[in-house]
Structures are given as structure tokens and as C-alpha cells.
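Contents: one structure, followed by commentary.
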């Protein structure tokens, strides 16, 4: 968590890793930052301060200390440091992820909790998730029959996108066929890839003069295109409603439009932007990692197959729910 200290302040509560002038501890991150942080925490303890360029960052690697920060000091650390790219697009004013905690933030948080992440909504979308996973299985079967190479990460990404897009507004926005139009799918990937690159101006704000026209932030252009797509989807739904066309999809968009006195179209489209960018990469990355581990460990793959066969003797809803108890994957990967 990036933070700041008064000039001349000392961090007397513990010993911190020494860094270099100007760049601080950046070189100590290496090409595998998570492993580097783990190594540093073993030497300097579960609470340490690192200098990332001009920014002081507190690193916590203890469950107990993390719990204390979120439970006892949650108000002090509620707001996040906003990257320069986010500020340029004014997304920090509208996105629930970046906006300052206040009345608007609480309203949007309540909206997501009630209309998106509630138990009722998740239960109601269970059949939808099964259908989209079945689409993935069908695609894998076709590739096997045609002896085509399969990109696990891309397939998982497409599945995650379509689950989310159908949950939000009852349509597919991605295709498994690489020859088909992949505009939205490509935009989400471009936003994530651009956002994953280190922000030089975030680390060294003094270098702002190198890019006065803000030309080094392509994710803004991609995000704006995504917002344009969401605007069209919302406008089409509103037009259908005004024309008397039945649009009872019972999706998230319908639920939010029914509450227009509380939420604006701008609120809705930024919620969609946040969820699509944040909710697809983690799912596909996790599945890709799990599959690569199974391929590298044939014995574990064999045990996992036997366990799936045992649990999936039927295709009932109960059988699908049992998949969460796959010991071969839960404890051995």
C-alpha cells in the first residue's frame, strides 16, 4: 500500500531493506516480484517499508497484521493511491475501485452488494454459468476431434468474459473462433496489458514533463472504447423499453435500470468497466496455472481425472456442486 511520511520522519518501528538513491528498492524486485517480496519479508519481518522510486510503500506479509490493518485501521487505509493513468481518464471520480470513500462510494458499494454479489443473484446465475462452461467443453471437444492446438488461457478468458457479459446484459461478447470479430475481447486484453506495465510517472512524478500530452497511456483509449460499447448496450436496452419491447432478461442491467432514480447511466457503465477488467483476468490466469501444473505432474493429472469421474457420475446440480471438493486440485497443486 503506497503511503507517505513527513519529511525527516524515521521508521523506527523496524529495520527496512536499504535501497539506492533515486530508484529506491526497485532493483530488488527482479522479474518475480512476489518471490522477491517473500524473500525480503523473511529477512526483514512481516511489516516493512520499501521505496519504489519516489513512493514509500508498506508491505505486509502477515495474516494477523493484515487483519489489524483492515479491522482496526481500515478508515486510515481505505483510500488507494491513484495511478496517473487513472487520473488522466477521471476514472477515479467514477470507479468504485478508485474513488474516495464517501457517500457515492457507499452507494455504489451497496449497489454491487445487492444487485451483483448477493447470494440470490449468484444462485440465480448458476444455470447460466453451467451453460457457458458447457460451451467451453464443446469447444475443447471440437479441437480434439480436429486435432487443433488449444490455448487454455485464451479459452478460459473467453469463457469468463461470456459468463460475465451474460450475467450483466444477456449476450456473448467473445468468441472461441479466432477468425471471428473479437473487438471487445481485444479491448479488455489491451486494457489489462497496458495497465500491467509499470507507470514511470507514478514512480517518478518529476518526469511528467517528458510526456506533457499524456501520450504514453494507451489504456485510456481502450477504456473509452469499452465505455462506448457499454453506452450502446444501455441505450439499446432503454430504446427497447421505450418501444414497448419486452426486455425481461432479469439480468444486472435490467435490475439497475429499474433503479434509475438511484443510479445514473454513468454509474452503470463504470461499474461494468470495473467488473470486466477486474473479473476476467484472475479467472483465466488461475485456470491456466492449474492446467499447466497438472500437465507438469502427470500423476496428479491422473488422480484428478479419477476424482472427477467419480464425482460426475451424473450431471445433476448436486454433482456440479461437488466439484468444489476436488482434493486432487485443492491440496496437491
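Residue numbers (the working numbering): -15 to 317.
The beta carbon of each residue, even a glycine, is placed where N, CA and C say it ideally should be.
Only a predicted model underlies this, so the values are computations on that prediction, with no experimental measurement involved.
Three or more Cβ pairs closer than 8 Å define a contact, and the stretch 256 to 273 meets that threshold against the stretch 133 to 148.
When the Cα atoms are used, residue 277 and residue 284 turn out to be separated by approximately 9 Å. For residue 41, no alpha helix (DSSP H) segment is defined; the enclosing uninterrupted segment is the beta strand (DSSP E) at 39 to 44. For residue 187, the uninterrupted alpha helix (DSSP H) segment begins and ends at 184 to 187. With a cutoff of 7 Å on beta-carbon distance, residue 237 and residue 206 are scored as not near each other. A residue is called buried once 16 or more other Cβ atoms fall within 10 Å of its Cβ, and residue 86, having fewer, is exposed. Assignment of residue 228 by DSSP, reduced to helix, strand and coil, places it in the coil class. For residue 278, the enclosing alpha helix (DSSP H) stretches over residues 249 to 280.
When DSSP reads this structure, residue 33 sits in a beta bridge with 42.
A check of alpha carbon separations from residue 66 across 209, 251, 75 identifies 75 as the nearest. In this structure the stretch 121 to 133 does not touch the stretch 100 to 113; the number of beta carbon pairs closer than 8 Å is below three.
Only buried fits residue 153, as 16 or more other CB atoms lie within 10 angstroms of its CB. Looking only at 253, 150, 212, the smallest Cα-Cα distance to residue 240 is reached by 253. By the criterion of a C-beta distance shorter than 7 Å, residue 83 is surrounded in its chain by 76, 77, 89, once the five residues flanking it on both sides are discounted. Taking the Cα positions, residue 293 is about 29 Å away from residue 150.
Residue 37 is positioned such that its CB atom lies closer than 7 Å to that of residue 187. With a cutoff of 7 Å on beta-carbon distance, residue 63 and residue 35 are scored as not near each other.
Residue 4 is bridged by DSSP to 8. Around the beta-carbon of residue 255, 16 or more other beta-carbon atoms lie within 10 Å, marking it buried.
Between residue 261 and residue 138, the alpha-carbon positions lie close to 15 Å from each other.
7 Å or more divides the Cβ of residue 242 from the Cβ of residue 72.
Its Cα nearest to that of residue 219, the residue 248 stands out among 130, 55, 248, 94. Residue 30 and residue 45 have their alpha carbons spaced roughly 5 Å apart. Inter-residue distance for residue 40 and residue 246 is about 39 Å (C-alpha atoms, whole angstroms).
Sequence-distant partners of residue 217 (beyond 5 residues in either direction) whose C-beta falls short of 6 Å from its own C-beta, in its chain, are 153. Contact check for residue 272 against residue 136 passes: the beta carbons are separated by less than 7 Å. Taking 7 Å as the cut-off, the Cβ atoms of residue 58 and residue 32 do not count as close. Taking each of 27, 173, 183, 23 in turn and checking the Cα distance to residue 69, the smallest one comes out for 183.
Judged by DSSP secondary structure, residue 143 falls within the alpha helix (DSSP H) whose first and last residues are 136 to 153.
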